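Data block below; observations after.
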Amino acid sequence: MSRDIRNISEKGFLQFAQEAEASALSDTFWRVTLPQNLETTSVNSPAFNTFLAAQDYLKSSSMLMKGTMISDLITISGDVHHIFPKAYLKKNGVDAKGRKTIMTDSFQKEGR
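If you're matching positions, the sequence shown starts at 488 in the working numbering and goes up one per residue.
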């Protein structure tokens, strides 16, 4: 942390932030690291929460519930359900680990 503070003092915050962003969010991050981090069963993973934050920021609507915004589903703590039936995924060659990942999930309102 003291190194970061020193670098901010020397370079200024904007340059420091741009360099930190460029090193942490390279093409490899988007093509390899992030997809690997989404291969989890936890809906509380940092990668999944970042994905939800991006959908909220972009004002995305739910793909399965017309007229419902992702932000509304996050706010009401909607249930997370699989988008694709497990049998469909299995039939199409998705292994057991892949069938359990958050990439096959979607928020839905409670009671649906």
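Built from N, CA and C at the ideal position, the CB exists for glycine as well.
These figures come from a predicted structure and were not determined experimentally.
Going by Cα to Cα distance, which pick from SER549, ALA541 and GLU526 is closest to LYS584?
GLU526
Determine the extent of the alpha helix (DSSP H) in which ASN524 is found, giving its start and end residues.
521-524
Should ILE492 be labelled buried (16 or more other beta-carbon atoms within 10 Å of its own) or exposed?
exposed
Here's the rule I'm using: 16 or more other beta-carbon atoms within 10 Å means buried, otherwise exposed. How should PHE535 be labelled?
buried
Could you please give me the residues that DSSP links to SER496 through a beta bridge?
Beta-bridge pairing links SER496 to no other residue.
Using the rule of at least 16 other Cβ atoms within 10 Å of the residue's Cβ for burial, across every protein chain shown, is LEU576 buried or exposed?
buried
As assigned by DSSP and simplified to three states, the class of ARG599
Per-residue confidence for ARG599 stands at a pLDDT of 43, beneath the threshold of 50, marking its modelled position as unreliable; the derived number appears in the next sentence. Of the three classes helix, strand and coil, the one that applies to ARG599 here is coil, per DSSP.
Are the CB atoms of SER549 and ILE561 within a distance shorter than 8 Å?
no
Coarse secondary structure for GLY585, derived from DSSP in three states
helix
Delimiting residues of the alpha helix (DSSP H) encompassing THR527:
Here THR527 belongs to no alpha helix (DSSP H), and DSSP marks it neither H nor E.
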